[in-house]
Amino acid sequence: MKKQTVQRILLLLLLVLQIAVGLLFAQKKQGYHEDEMYTYYSTNGTNGLFLPDREWQNSKEILKEFVVLPGENFDYARIKEVQSWDVHPPLYYFLFHTVCDFFPGRFSKWPGIFTNLIAMVLCFLLMERLLK
């Protein structure tokens, strides 16, 4: 076998191993970090970053700010506006919202995990190309 073919097979095995380990730890993940909650809230929230002040909010009202609601699928203009108030580039949030669009009305850890795995694979492939 050619040396280049062996290298490609090893890189593919490394990528598969990284994905498998990522999924293993993701399956065991419990709870959320504040940045994770901010991502859900700033990407999927109907009100942007403006919750009613000094008004009682029940759990259903709060949950609606963390999920994609009907009619809000692929609403990138709102994400662009909300992210313009932040220092982070919006590409990750666009990708995250796109993944969440496939799970409307459902709050779960998996859209964030899938988004990060997609980003990891893209970075891996980019690094492989750059290092040639």
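Here the sequence shown is numbered in the working numbering, starting from 422 and rising by one per residue.
Backbone N, C-alpha and C fix where the C-beta goes; we use that ideal spot for every residue, glycine too.
All figures in this text were calculated on a predicted structure; none of them were measured in a lab.
With a CB to CB cut of under 8 Å and the five nearest residues on each side skipped, what residues in its chain are close to residue i?
{"i": "residue 522", "result": "489, 494, 495"}
{"i": "residue 450", "result": "530, 534"}
{"i": "residue 370", "result": "A query on residue 370 cannot be resolved here, the shown segment of the chain reaching from 422 to 553 and no further."}
{"i": "residue 436", "result": "542, 545"}
From the DSSP output, in three-state form, read off residue i for me.
{"i": "residue 552", "result": "coil"}
{"i": "residue 474", "result": "coil"}
{"i": "residue 453", "result": "coil"}
{"i": "residue 527", "result": "coil"}
{"i": "residue 495", "result": "coil"}
{"i": "residue 490", "result": "coil"}
{"i": "residue 466", "result": "coil"}
{"i": "residue 507", "result": "coil"}
{"i": "residue 479", "result": "coil"}
{"i": "residue 485", "result": "coil"}
{"i": "residue 458", "result": "helix"}
{"i": "residue 541", "result": "helix"}
Sorted by chain position, which residues of the same chain lie with C-beta nearer than 6 Å to residue i's C-beta, five sequence neighbours on each side aside?
{"i": "residue 514", "result": "464, 500, 504"}
Cα-Cα, which of the options is closest to residue i?
{"i": "residue 481", "options": "528, 553, 424", "result": "528"}
{"i": "residue 536", "options": "545, 517, 441", "result": "517"}
{"i": "residue 438", "options": "483, 422, 477, 538", "result": "538"}
{"i": "residue 492", "options": "547, 474, 466", "result": "466"}
{"i": "residue 510", "options": "477, 460, 483, 484", "result": "460"}
{"i": "residue 541", "options": "428, 444, 453", "result": "444"}
{"i": "residue 553", "options": "508, 428, 526", "result": "428"}
Taking all protein chains shown into account, do 16 or more other C-beta atoms lie within 10 angstroms of the C-beta of residue i, making it buried, or fewer, making it exposed?
{"i": "residue 442", "result": "exposed"}
{"i": "residue 508", "result": "exposed"}
Cutting at 7 Å between CB atoms, please list the residues of its own chain near residue i, excluding the five before and the five after it.
{"i": "residue 484", "result": "528"}
{"i": "residue 440", "result": "538"}
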